[in-house]
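S.K.: Next up is a structure, given as structure tokens.
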Amino acid sequence: MPEPSAAPARPTPSDSAVLGAEDTKLVVLARGARGRVGAVEGAAVRDQDGRTYAGASVSLPSLTLTALQLAVAAAVAAGATRLEAAVVVSEASTLDGAGHAAVRDLAADAPIHVAAPDGTLLGTVNE
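Residue numbers are given in the working numbering: position 42 of the sequence shown equals residue 42, and the series is strictly consecutive.
Right, here's the structure in full:
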């Protein structure tokens, strides 16, 4: 299991600030998950069948998960074996290492889009 302190990944600015419809939907879901509970970050993923899963960061005395870890866990719990794409909405300009590792457990090539709280695309991690 990856350590939460794993090195963060820096998203590279996208050639286009416009996402496709399916990835835009992930941004909306991630923003909603974050906003519902006032979390630090929200995330959403799309699996191999086009199903989507969203989550917000969790910080309890006995459990700490990034939003992306929670979204990936929800996908796996529902039977997903591969991810097509992921989005993280956060005020941070980097992608946390633990969330990045969780996505890479299911997809070496899925783009991970990083967006600001207002939904503006900051960049994409492709590696």
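Built from N, CA and C at the ideal position, the CB exists for glycine as well.
How would you label S57, buried or exposed, when you count the other beta carbons within 10 angstroms and need 16 or more for buried?
M.R.: buried
S.K.: In whole angstroms, give me the CA-to-CA distance for V28 and G38.
M.R.: For V28 and G38, the distance between alpha carbons rounds to 15 Å.
S.K.: Tell me whether A86 sits in a helix, a strand or coil according to DSSP, three-state version.
M.R.: strand
S.K.: Taking the alpha-carbon of I112 as reference, which of G32, T81, A80 and A67 has the nearest alpha-carbon?
M.R.: A67
S.K.: Taking all protein chains shown into account, decide if D105 is buried (16 or more other Cβ within 10 angstroms of its Cβ) or exposed.
M.R.: By the 10 Å Cβ count, D105 comes out exposed.
S.K.: Can you give me the start and stop residues for the alpha helix (DSSP H) that A39 sits inside?
M.R.: Premise fails: A39 is in no alpha helix (DSSP H) and is neither H nor E.
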